[in-house]
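Going left to right, the sequence shown walks through residues 4 to 248 as the working numbering numbers them.
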Amino acid sequence: MKCDVITIFPEIFHAYFSEGVLGRALQRELIEVRIHDLRDYTTDKHRTVDDYPYGGGAGMVMKPEPFFDAVEAACPERAGRRVIMLNPAGKKVDQDVAEELSRETRRIVFLCGRYEAIDERVKIALVDDEISIGDYILTGGELAALVIIDAVARLIPGVLGDERSAEEDSFSSGILDYPHFTRPPVFMDMPVPEVLLSGNHREIRLWRRKEALRRTLERRPELLDRIRLSDEDYRLVSELRREES
Ligand code: 21W
Numbered sequence: 004m005k006c007d008v009i010t011i012f013p014e015i016f017h018a019y020f021s022e023g024v025l026g027r028a029l030q031r032e033l034i035e036v037r038i039h040d041l042r043d044y045t046t047d048k049h050r051t052v053d054d055y056p057y058g059g060g061a062g063m064v065m066k067p068e069p070f071f072d073a074v075e076a077a078c079p080e081r082a083g084r085r086v087i088m089l090n091p092a093g094k095k096v097d098q099d100v101a102e103e104l105s106r107e108t109r110r111i112v113f114l115c116g117r118y119e120a121i122d123e124r125v126k127i128a129l130v131d132d133e134i135s136i137g138d139y140i141l142t143g144g145e146l147a148a149l150v151i152i153d154a155v156a157r158l159i160p161g162v163l164g165d166e167r168s169a170e171e172d173s174f175s176s177g178i179l180d181y182p183h184f185t186r187p188p189v190f191m192d193m194p195v196p197e198v199l200l201s202g203n204h205r206e207i208r209l210w211r212r213k214e215a216l217r218r219t220l221e222r223r224p225e226l227l228d229r230i231r232l233s234d235e236d237y238r239l240v241s242e243l244r245r246e247e248s
């Protein structure tokens, strides 16, 4: 993944990318993320990025020119880039979108907005996709860009390291994760389920699968419509239904 971020708050990104899995991936050059300060692409003394809305109304609108100049500087080749605007009115991202972006060979240029909106001509002439991370209101696009870069980067081979593969995740299996325990065996009167201490690997695998199905049925039943359940899954689901009644 090679990407660029255009923002008026570059420090937010520097802080996040200096730590953890992504910090290490950047150091190892498994991913490339370049952060551009939108104000560096203004031409006036006050480095102005916003202005009043035509037609009136509350809130300011981000000016188009700095975005055009910043994108041009980040990746001048039109065919070599995919410009994505973070927008609460965009298409909602899920794991399938993250996987699609992890296969993108062009540079991904993320545009982060602040204030009320970005001038519509940026969308018309510069933006390929508008994406949202969910139905809640943030104060700007920066956190959303971080969320997407994080979700996409961990799908790039080598980023997670070989001890954990992204394929083991709950969302690539399509159902929720099972409960996890570590030492001590009893904590505040709460014992670890006996089966996990048994050493019986077949029983452990079945217990985990059943608990994962239990949680998915309880919390996110709609996820089960999207995956193919095995004969064993159907047996575990009918056990869960019997336990319910
Ligand atoms: C929030 C900008 C609200 C503009 C309807 C009519 C990027 C985001 C953002 C922000 C408004 C994302 C209005 C999930 C998010 C983002 C800042 C417009 C006024 N609404 N994904 N008029 N949530 N948010 N509000 O907030 O830039 S992706």
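Glycine included, each C-beta is placed from N, C-alpha and C at the ideal position.
Report the partner residues of residue i according to the DSSP bridge assignment.
i    : result
E35  : K5
R85  : I111
K94  : I134
V64  : D54 and A120
T142 : Looking at the DSSP assignment, T142 forms no beta bridge with any residue, so it has no partner.
By alpha-carbon positions, which one of the options ends up nearest to residue i?
i    : options                 : result
E68  : Y181, I87 and D43       : D43
A147 : I136, V155 and L129     : I136
G59  : E119, E75 and R84       : E119
I15  : A61, R31 and L149       : L149
F152 : I121, G161 and F113     : Note that residue 152 is Ile in the sequence shown here, rather than Phe. Taking only the C-alpha atoms, the option nearest I152 is F113.
G62  : I121, S21 and T46       : I121
R110 : V52, M191, K126 and P79 : P79
M266 : E123, S105, I34 and Q98 : Nothing about residue 266 can be read from this structure; the chain reaches only from 4 to 248.
M4   : F12, P194 and R31       : R31
T51  : V96, F70, H17 and E197  : F70
R84  : E75, P56 and P91        : E75
R249 : F190, Y181 and P187     : Residue 249 is absent from the model: the chain starts at 4 and stops at 248.
Using C-beta distances below 8 Å, list every residue in its chain close to residue i, excluding the 5 sequence neighbours before and after it, in chain order.
i    : result
R37  : C6, D7, V8 and A77
L239 : L209, R212, K213 and L216
T219 : I178, L179, L226 and L227
I207 : V198, L199 and S201
Among the residues of its own chain, which have a CB less than 7 Å from the CB of residue i, if the five just before and after it don't count?
i    : result
A73  : I9, H39, L41 and Y44
R205 : none
What are the boundary residues of the beta strand (DSSP E) that includes residue i?
i    : result
E242 : Careful: E242 lies outside any beta strand (DSSP E), inside the alpha helix (DSSP H) at D234 to E247.
In chain order, what residues of the same chain have a beta carbon less than 6 Å from the beta carbon of residue i, not counting five sequence neighbours either side?
i    : result
G144 : L89, C115 and G116
A154 : A101
L243 : R217
R106 : none
E133 : M88, N90 and G93
Tell me the residue span of the alpha helix (DSSP H) that contains residue i.
i    : result
I15  : P13 to F20
I127 : E123 to L129
F71  : P67 to A77
K48  : K48 -> no alpha helix (DSSP H), and no H or E assigned at all.
E197 : E197 to L200
So, does the CB of residue i fall closer than 8 Å to a CB anywhere in chain B?
i    : result
I127 : The chain inventory of the structure shown lacks chain B, comprising one protein chain alone.
Helix, strand or coil, according to DSSP, for residue i in the structure here?
i    : result
D43  : helix
V192 : Note that residue 192 corresponds to Asp in the displayed sequence, not to Val. Three-state DSSP puts D192 in coil, outside helix and strand.
V150 : helix
V162 : coil
D99  : helix
G219 : Correcting the residue identity first, residue 219 is Thr in this sequence and not Gly. Three-state result, T219: helix.
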